[in-house]
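K.L.:
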Amino acid sequence: MFKKWFGRNMRSDIFELLTEDDSVQNQHGTTKISSAQLGQLEALSKSALVRYADQQSEKIKALTQEVGFLSRQNALHIKLRDQRDTSMDASKQLAHIERERESEAQYQRDQFQIRMKELSLRVGELEAQLLHSNIENGRLKSLLRKLRDQIAPNVTETARVGRDVEVGTKVGER
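So for the sequence shown, the working numbering puts the first residue at 1470; every next one is plus one.
1. So for SER1503, helix, strand or coil by DSSP?
2. If we ignore side chains and look at the alpha-carbon of each, how far apart do THR1533 and LEU1545 end up?
3. At a cut-off of 7 Å, is LEU1613 close to the ligand ATP when judged by its beta-carbon and the heavy atoms of the ligand?
4. Whole angstroms are fine: how far does the CA of GLU1535 sit from the CA of ARG1520?
5. Out of curiosity, what's the CA-to-CA distance linking ILE1529 and ALA1564?
6. Taking just the CA atoms, how far does LYS1561 sit from LYS1548?
7. Can you give the Cα-Cα distance for ARG1550 and LEU1518, rounded to whole angstroms?
8. State the Cα-Cα distance for the pair ASP1523 and THR1555, rounded to the nearest angstrom.
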């Protein structure tokens, strides 16, 4: 990374330094550097290193701030996720309790319906017994009327006999 930065920022400075009049080319076509140029080059490279270090320090500070921000943001996301999970768990528990209540209410309604049907059947049985009892009572009343009708002439006869005895007449005379 330093090479790229150094290459971009220092190339023109070095080129200017090396193209000054006091540089001499050797037989191979390369430029010889004088000691003055070498000193300037060292100073230039040191200042370039200092600038590079300063820039990297600034980048590190910016990245540190960004990491801090991302860390806080991540902690917030984790907290929100945990709260969401907790609320989802609570919602699931609430839904489970609600389903249990609804199930219990449905069971109670079903038991009530069963009890009502049982009571309805029992009422029907009692009505049948009452009807049978009324029929039996009607038969008994009918039999009692017949018996009374049969007994009534005898009772009136007996009553006459009883009066005759009181009066002193003979039974059957009149």
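Ideal placement from N, C-alpha and C gives every residue a C-beta, glycine not left out.
P.N.:
So, from the listed chains and residues:
1. Here the question's residue 1503 lines up with position 34 in the sequence shown. DSSP places SER1503 outside both helix and strand once states are collapsed to three, so it counts as coil.
2. Walking along the sequence shown from the start, residue 1533 turns up at place 64. Walking along the sequence shown from the start, residue 1545 turns up at place 76. C-alpha separation (whole angstroms): 18 Å.
3. Within the structure as shown, the ligand ATP is missing, as the structure has no ligands at all.
4. Working through the sequence shown from its first residue, we reach residue 1520 at position 51. Working through the sequence shown from its first residue, we reach residue 1535 at position 66. Cα to Cα, the separation comes out at about 22 Å.
5. In the sequence shown, residue 1529 corresponds to position 60, counting from 1. In the sequence shown, residue 1564 corresponds to position 95, counting from 1. Straight-line measurement puts the Cα of ALA1564 at about 50 Å from the Cα of ILE1529.
6. Working through the sequence shown from its first residue, we reach residue 1548 at position 79. Working through the sequence shown from its first residue, we reach residue 1561 at position 92. Each residue's alpha carbon lies about 19 Å from the other.
7. Within the sequence shown, the letter at position 81 stands for residue 1550. Within the sequence shown, the letter at position 49 stands for residue 1518. One alpha carbon belongs to ARG1550, the other to LEU1518, and they sit about 46 Å apart.
8. The residue labelled residue 1523 in the question sits at position 54 within the sequence shown. The residue labelled residue 1555 in the question sits at position 86 within the sequence shown. Taking the Cα positions, ASP1523 is about 47 Å away from THR1555.
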